[in-house]
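A.B. asks: In my numbering, the protein residues as written are 48 to 185.
Backbone N, C-alpha and C define an ideal beta-carbon position, used for all residues, glycine too.
My questions will all concern the structure given below.
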């Protein structure tokens with residue numbers, strides 16, 4: 048019979064071996080000079096399969112700082128969207144409404160990237176409206 052200590056060590060070693068094949072990837076894409084898309088995800092290099100969408104975010108450069116306005120993640124096992132309230136109020140609302148529900152993390156990643164690429168002007172307009180700021184860039 049194997050001792051408890053040996054079993055625990057064997058489990059930890061097996062988990063570590065699995066983690067050796069997981070890689071976190073990050074990429075940025077400038078949408079304009081003051082709008083940026085950033086995404087971070089985990090892939091299994093053994094199978095080349097996307098395991099998790101850590102973050103897909105739309106950021107606006109205000110003065111010298113990049114402010115995250117919208118972000119998607121799959122931290123709870125499903126894709127959902129976080130929207131920042133305003134420039135002053137950094138709280139976020141979270142929703143699954145109008146967010147890709149079916150499929151695997153790779154499809155979620157692609158969907159979230161395309162959603163930001165296609166809708167960032169609207170996200171920007173709504174954020175500035177909630178912040179009661181005139182958007183001087185557009």
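1. I'd like the list of long-range same chain contacts for residue 156, defined as Cβ closer than 8 angstroms, with 5 residues on each side in sequence excluded.
2. With 16 as the cutoff for other CB atoms within 10 Å, does residue 183 come out buried or exposed?
3. Check residue 164 in the structure and name its three-state DSSP category.
4. In the segment 86-139, which residue ranges form an unbroken alpha helix (DSSP H) of at least 4 residues, counting only runs that do not cross its ends?
5. For residue 141, which of 161, 118 and 154 has the nearest alpha-carbon?
6. Could you compute how far the alpha carbon of residue 137 sits from the alpha carbon of residue 90?
7. By Cβ distance, which residues of its chain are closer than 8 angstroms to residue 133, with the 5 residues on each side in sequence left out?
8. Which of the three DSSP states, helix, strand or coil, is assigned to residue 79?
C.D. replies: From the atom records:
1. 86, 88, 97, 100 and 103
2. exposed
3. helix
4. none
5. 118
6. 30 angstroms
7. 174, 177, 178 and 179
8. coil
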